[in-house]
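Chemist: One structure is given below, represented as structure tokens, and several questions about it will come after.
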Amino acid sequence: MKHISPDKRKSQRVSSIFPVEIEIKDSLTGSSLALPGEAINLSEEGLCLLLESSLPGSPSFKLRIDLPPCYSPNPIDAQGVEVEVNIVWKKTFARGRQFRYGISFSECEANRPSLSILKGILSDEEEKLFKPSGILTEQPQISFVRIPHSCNMHAVDMTIGCEHGCLYCHFSRLNEEEWRKKYPLSKGFPIPVDMRPMYKQDVFPFSPIYLSPSSDPFTPKARDLTHELLEYLLPKGLVFNISTKDIIPDKTIKLLKKYSSSIEGLVVGVTSLDENRNKLLEPDCPSAEERLGSVPRLLKIGCRTGVRMDPIFPLIDDTDDALNSTVKTIAKTGVKDITGTYVFSFGRFLRRLKKEPFLQKSLQLLNEKCYIAGGVALSIPLEMKKVMYRKMNEICKSYGIIFSTCGCKEVRLKDTGFSLICRNPDFVKPAFQEGSK
């Protein structure tokens, strides 16, 4: 992208610059193509759109579109404006490269092939995302998708990316990377979803809906959208499973009280009471104490609530002292269900974890293939898992708590008799049996 020189920008009173994507539509053929560019806000002189690219079968070109102030007193207000413009002149430079430029309202000529320019502003100077209108960079739309690693339930994310920034999380990063492949100009992650398609949808999943596979439904950017979703769908009879490592707002707890029978399960994630550990691995999550503060309130309103110890890092989270202290504190909330699952990782995500000195000894034990729903990863040996899960079961039992683990995150456990929290029929087994192998 070629930019206006600093001197030129100063003379034209540039107040801000915005990355944009411009859809170029051929009015004759109806074909269109979205190209990245930038918008230069020239204050009272209007908005100048610049892009330099090449179209299939055409030479490289530079395009400048001057929108007068009547269309863009504020660049944010100008998003989604559609205008008809004409190519008014061409210039050919060295090596035969052709550049088209000089498009403006004041210089439009009749009987010229026209282009339809539909623009959208992606972010402001503070990198806040703004909703474009009708362009390929519009914010992600809410969708309900069946996902194997979410107990084969339908699942929905309220944001692309997650504010918690957990060091061990693969799913949030993969989800964000997938979005970046489609829309490389996107900024301001995590990006909230567009809720409007939900109100146009006639049919919803009959199975419970999981919140959320690749994000947390109660982070600051997600919590109001989650409340909106529940407020709209719970009265329709839909059932939800919810998992969070954040604090549930008061207004949502009041809503859940009214529809507690439609919440199949709500789990609060707390693996450790060690805040030094938590700040490293879960840097933007509330403290363990703050998270557990929601549990008694949820139990009081009749919401089926559990605590999720996931992921458990060997030699850090599973020492006798750590397990006893954590389970004892969890038991004080009144909860009767704990789910525990050991960490698994793979590829670049595992390499990233290995850069942390704090995790060096722990990660050495991730030396055996672990078969998960949808793939293979590395985790601690299966026999070690069995021993540790039995130990966790005994500790939980001493506090009157039922211990289970997640079948989707270790497929081989389905034949061991362990109690598995999983809706996938391939994994569901009876409750934990004493002496199971």
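Under our numbering, residue 1682 is the last one in the sequence shown; the count climbs by one each step, no gaps. From the three backbone atoms N, C-alpha and C, an ideal C-beta is built for every residue, glycine too.
Classify Ser1506 as buried or exposed, calling it buried when 16 or more other Cβ atoms lie within 10 Å of its own Cβ.
Modeler: Residue environment: Ser1506 is assigned as exposed (fewer than 16 neighbouring CB atoms within 10 Å of its CB, all protein chains considered).
Chemist: Which residue's Cα is closest to the Cα of Gly1620: Glu1655, Ser1452, Lys1600, Lys1659?
Modeler: If we check each option's Cα against that of Gly1620, Glu1655 comes out closest.
Chemist: Taking Lys1545 as the reference, which of Leu1501, Ser1570, Val1513 has the closest Cα?
Modeler: Leu1501
Chemist: Rounded to the nearest angstrom, how far is the Cβ of Leu1475 from that of Val1513, given a contact under 8 Å?
Modeler: That belief does not hold up - the Cβ atoms of Leu1475 and Val1513 are roughly 17 Å apart, past 8 Å.
Chemist: Sort out for me which residues DSSP pairs Ser1624 with in a bridge.
Modeler: Glu1613.
Chemist: Would you call Glu1628 buried or exposed, if buried means 16 or more other Cβ atoms sit within 10 Å of its Cβ?
Modeler: exposed
Chemist: For the structure I just gave you, are there three or more beta carbon pairs, one from the region 1413 to 1427 and one from the region 1448 to 1460, closer than 8 Å?
Modeler: yes
Chemist: To the nearest angstrom, how far is the alpha carbon of Pro1559 from that of Lys1573?
Modeler: 19 Å
Chemist: Only counting the same chain, and skipping five residues up and downstream in sequence, which positions put a Cβ closer than 6 Å to that of Gln1386?
Modeler: The answer, listed in chain order, is Asp1439, Pro1442.
Chemist: Count the CB pairs spanning the region 1606 to 1615 and the region 1637 to 1645 that are closer than 8 Å, and state whether there are at least three.
Modeler: Short answer: they don't touch.
Chemist: Report the residue from Ala1567, Thr1564, Tyr1634, Ile1508 whose alpha carbon sits nearest the alpha carbon of Leu1658.
Modeler: Tyr1634
Chemist: Please list the terminal residues of the continuous alpha helix (DSSP H) segment that includes Arg1597.
Modeler: 1592 to 1599
Chemist: From Gly1482 to Asn1521, what does the alpha carbon distance come to, in whole angstroms?
Modeler: Rounded to whole angstroms, Gly1482 to Asn1521 spans 42 Å at the Cα level.
Chemist: Could you tell me if Phe1451 is buried or exposed, where buried requires 16 or more neighbouring beta carbons within 10 angstroms of its beta carbon?
Modeler: Here Phe1451 is exposed: its Cβ has fewer than 16 other Cβ atoms, across all protein chains shown, within 10 Å.
Chemist: Where does Ile1647 fall in DSSP's three states?
Modeler: strand
Chemist: If you draw a straight line from the C-alpha of Ile1508 to the C-alpha of Ile1561, how long is it?
Modeler: 33 Å
Chemist: Hey, how far is the Cα of Ile1405 from the Cα of Phe1434?
Modeler: 7 Å
Chemist: Give the straight-line distance between the Cα atoms of Gly1547 and Val1515, rounded to the nearest whole angstrom.
Modeler: 21 Å
Chemist: Just verifying my parser: in three-state terms, what is the DSSP assignment at Glu1527?
Modeler: coil
Chemist: For the alpha helix (DSSP H) containing Thr1574, list its first residue and its last residue.
Modeler: 1565 to 1576
Chemist: For Tyr1455, report the span of its beta strand (DSSP E) as first-last.
Modeler: 1454 to 1456
Chemist: Using the three-state DSSP reduction, which class does Pro1494 fall into: helix, strand or coil?
Modeler: coil
Chemist: Is Gly1347 helix, strand or coil when you go by DSSP?
Modeler: Below a pLDDT of 50, predicted positions are generally treated as unreliable, and Gly1347, at 34, falls in that range; the measurement from the model is reported next regardless. DSSP, read as helix, strand or coil, puts Gly1347 in coil.
Chemist: Taking the straight line between their C-alpha atoms, what separation do you get for Leu1511 and Val1484?
Modeler: 11 Å
Chemist: By the three-class DSSP mapping on this structure, what secondary structure does Gln1446 have?
Modeler: coil
Chemist: Quick check on DSSP: helix, strand or coil for Asp1660?
Modeler: helix
Chemist: The alpha helix (DSSP H) spanning Glu1535 covers which residue range?
Modeler: 1533 to 1537
Chemist: Report, in whole angstroms, the separation of the C-beta atoms of Val1580 and Ile1646, which I expect to be a contact under 8 Å.
Modeler: 7 Å
Chemist: In chain order, what residues of the same chain have a beta carbon less than 7 Å from the beta carbon of Leu1526, not counting five sequence neighbours either side?
Modeler: Cys1411, Leu1412, Tyr1413
Chemist: Give a yes or no on whether the C-beta atoms belonging to Asp1529 and Glu1408 are separated by under 8 Å.
Modeler: yes
Chemist: Give the single residue among Ile1493, His1399, Tyr1587 whose Cα lies nearest to the Cα of Val1535.
Modeler: One detail in the question is off: residue 1535 reads as Glu in this sequence, not Val. Glu1535 has its Cα closest to that of Ile1493, out of Ile1493, His1399, Tyr1587.
Chemist: Would you identify the three-state DSSP class for Arg1549, choosing helix, strand or coil?
Modeler: Here Arg1549 sits in coil by DSSP.
Chemist: Where does Asn1569 land, buried or exposed, given buried means 16+ other C-beta within 10 angstroms?
Modeler: exposed
Chemist: Skipping 5 residues on each side, what residues in its chain have a beta carbon closer than 7 Å to that of Lys1490?
Modeler: His1409, Asp1461, Gly1514, Glu1527, Cys1530, Arg1536
Chemist: Can you tell me the Cβ-Cβ gap for Pro1437 and Met1398, rounded? I've got them flagged as a contact below 8 Å.
Modeler: Not confirmed; about 22 Å, so no contact.
Chemist: Between the beta-carbon of Val1588 and the beta-carbon of Pro1626, is there less than 8 Å?
Modeler: no
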